[in-house]
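Visitor: Just passing along the structure, written as structure tokens.
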Amino acid sequence: GESVGLHLPTLSVQEGDNSIINCAYSNSASDYFIWYKQESGKGPQFIIDIRSNMDKRQGQRVTVLLNKTVKHLSLQIAATQPGDSAVYFCAEKIGPGGSYIPTFGRGTSLIVHP
Amino acid sequence: GAVVSQHPSWVICKSGTSVKIECRSLDFQATTMFWYRQFPKQSLMLMATSNEGSKATYEQGVEKDKFLINHASLTLSTLTVTSAHPEDSSFYICSAQNGQGPGAGELFFGEGSRLTVL
Chain A
352 GESVGLHLPT LSVQEGDNSI INCAYSNSAS DYFIWYKQES GKGPQFIIDI
402 RSNMDKRQGQ RVTVLLNKTV KHLSLQIAAT QPGDSAVYFC AEKIGPGGSY
452 IPTFGRGTSL IVHP
Chain B
61 GAVVSQHPSW VICKSGTSVK IECRSLDFQA TTMFWYRQFP KQSLMLMATS
111 NEGSKATYEQ GVEKDKFLIN HASLTLSTLT VTSAHPEDSS FYICSAQNGQ
161 GPGAGELFFG EGSRLTVL
């Protein structure tokens, strides 16, 4: 996985633009991935998940894309709003019946300008 | 949806004292709970994995005698920061894994506890 404990990369966008946040993972056995949103001073909140037998999943204004070939995950947010400003993390689960690898990637700080 | 409650949400203590943080799963049984710490503008760092009825598994570099974890029931895990010092000031977050039923394996996070050691 990505290094933890490093300062967060930042993505700045204008309100109404689409945002794309990326995440790389290292374990090819991972079969389930989740995106979390963390607002300042709060715990992470579940946004969307995807299983490894899929390459795309859509939610309300959010889409997750999975590229298992290069072990890459992305979160797309359509028509980004100021309320989307937060830090976004991806997490992964290894293997059927396995527990989550509950270690998080670096995360990305999304800043939405009105 | 499932709720995980942390208490206290914030605490200020004097250096040398011990602080206990509770993590409760309110509407499901959590066979596994995880404890993280997070410094400002940094990622969540896993400290330990806590399984009900057994000793916690600590990540490399985390002092088990400094951060005591108890998971005595399926709905409660506690983290005690012993002899706290200013460098222990951080945001501590727990998560609980649903142990049974259709939602087994799902992970839910508490709202975090901010510790400030003077």
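These protein sequences, in sequence, are chains A and B.
Quick note on numbering: my numbering labels position 46 of the first sequence as 397, and the sequence is numbered without any gaps.
Quick note on numbering: my numbering labels position 115 of the second sequence as 175, and the sequence is numbered without any gaps.
Just so it is clear, CB atoms sit at the ideal spot from N, CA and C, and this is done for glycine as well.
Model, not experiment: these values are computed from the prediction.
At a Cβ threshold of 9 Å, is A:Arg-408 touching chain B?
Guide: By this cut-off, A:Arg-408 is not an interface position.
Visitor: Is B:Glu-181 helix, strand or coil when you go by DSSP?
Guide: What is shown of chain B runs 61 to 178, which leaves residue 181 of chain B out entirely.
Visitor: Which residues, taken in chain order from the region 387-419 of chain A, show a beta carbon closer than 9 Å to some beta carbon of chain B?
Guide: Cβ contacts with chain B: Tyr-387, Gln-389, Gly-392, Lys-393, Gly-394, Pro-395, Gln-396, Phe-397.
Visitor: Going along chain B in order, which residues have a C-beta closer than 8 Å to the C-beta of A:Leu-359?
Guide: Here the neighbours are Lys-101, Gln-102, Ser-103.
Visitor: In the region 383-434 of chain A, which residue ranges form an unbroken beta strand (DSSP E) of at least 3 residues, counting only runs that do not cross its ends?
Guide: Whole beta strand (DSSP E) segments, 3+ residues: 396-402, 407-409, 413-418, 423-428.
Visitor: Using a Cβ cut-off of 7 Å, pull out every chain B residue sitting near A:Phe-455, in sequence order please.
Guide: In chain order: Ser-103, Leu-104.
Visitor: Which chain B residues sit within Cβ distance under 8 Å of A:Gly-367?
Guide: Neighbours of A:Gly-367 on chain B: none; closest Cβ ~26 Å, over 8 Å.
Visitor: Pick out whichever of B:Phe-169, B:Thr-138, B:Asp-148, B:His-145 has its Cα sitting closest to the Cα of B:Lys-115.
Guide: The residue with the shortest Cα to Cα distance from B:Lys-115 is B:Thr-138.
Visitor: B:Thr-138 lies in the beta strand (DSSP E); which residues open and close that run?
Guide: Counting along the chain, the beta strand (DSSP E) containing B:Thr-138 begins and ends at 136-141.
Visitor: Indicate the three-state DSSP secondary structure (helix, strand or coil) for B:Glu-119 in the structure shown.
Guide: Of the three classes helix, strand and coil, the one that applies to B:Glu-119 here is coil, per DSSP.
Visitor: Helix, strand or coil for A:Glu-443, going by three-state DSSP, please let me know.
Guide: DSSP places A:Glu-443 in strand when its eight states are reduced to three.
Visitor: Can you tell me whether A:Asn-418 is buried or exposed, with buried defined as 16 or more other CB within 10 angstroms of its CB?
Guide: Looking at its Cβ environment, which holds fewer than 16 other Cβ atoms inside 10 Å, A:Asn-418 is exposed.
Visitor: What does the Cβ neighbour count give for B:Gly-170, buried or exposed, with the cut at 16 atoms within 10 Å?
Guide: Answer is buried; the Cβ neighbour count reaches 16.
Visitor: To the nearest angstrom, report how far apart A:Ile-398 and B:Leu-134 are at their CA atoms.
Guide: If I take the Cα positions, the gap works out to 26 Å.
Visitor: Please work out which residues of its chain come closer than 6 Å, Cβ to Cβ, to A:Gly-402, disregarding the five sequence neighbours upstream and downstream, and give them in chain order.
Guide: In the sequence under discussion, the amino acid at residue 402 of chain A is Arg, which differs from the Gly named in the question. Within the same chain, A:Arg-402 has close Cβ partners Tyr-383.
Visitor: Count the other CB atoms within 10 Å of the CB of A:Leu-357; is the residue buried (16 or more) or exposed (fewer)?
Guide: Confidence at A:Leu-357 is low in this model, with a pLDDT of 48, below 50, so the placement of that residue should be treated as unreliable; the coordinate-derived value is given next. Classification of A:Leu-357: exposed, given that the 10 Å Cβ count is below 16.
Visitor: Could you tell me which residues DSSP pairs with B:Thr-109 in its beta bridges?
Guide: BP columns for B:Thr-109 point to B:Phe-94, B:Thr-117.
Visitor: Using CA coordinates, which residue listed in B:Met-107, B:Leu-178, B:Ser-103 is at the minimum distance from A:Ile-442?
Guide: For clarity, residue 442 of chain A is Ala in the given sequence; the question names Ile instead. Answer by Cα proximity: B:Ser-103.
Visitor: Going along chain B, which residues have a C-beta under 7 Å from A:Gly-458?
Guide: Neighbours of A:Gly-458 on chain B, chain order: Ser-103.
Visitor: Cutting at 8 Å between CB atoms, please list the residues of its own chain near A:Val-413, excluding the five before and the five after it.
Guide: Closer than 8 Å at the Cβ level, and outside the excluded window around A:Val-413, lie Trp-386, Ile-398, Ile-399, Leu-426, Gln-427, Ile-428, Ala-429.
Visitor: Comparing alpha-carbon positions, which option in B:Glu-82, B:Ser-149, B:Gly-76 lies nearest B:Val-64?
Guide: It is B:Glu-82 whose Cα lies nearest to the Cα of B:Val-64.
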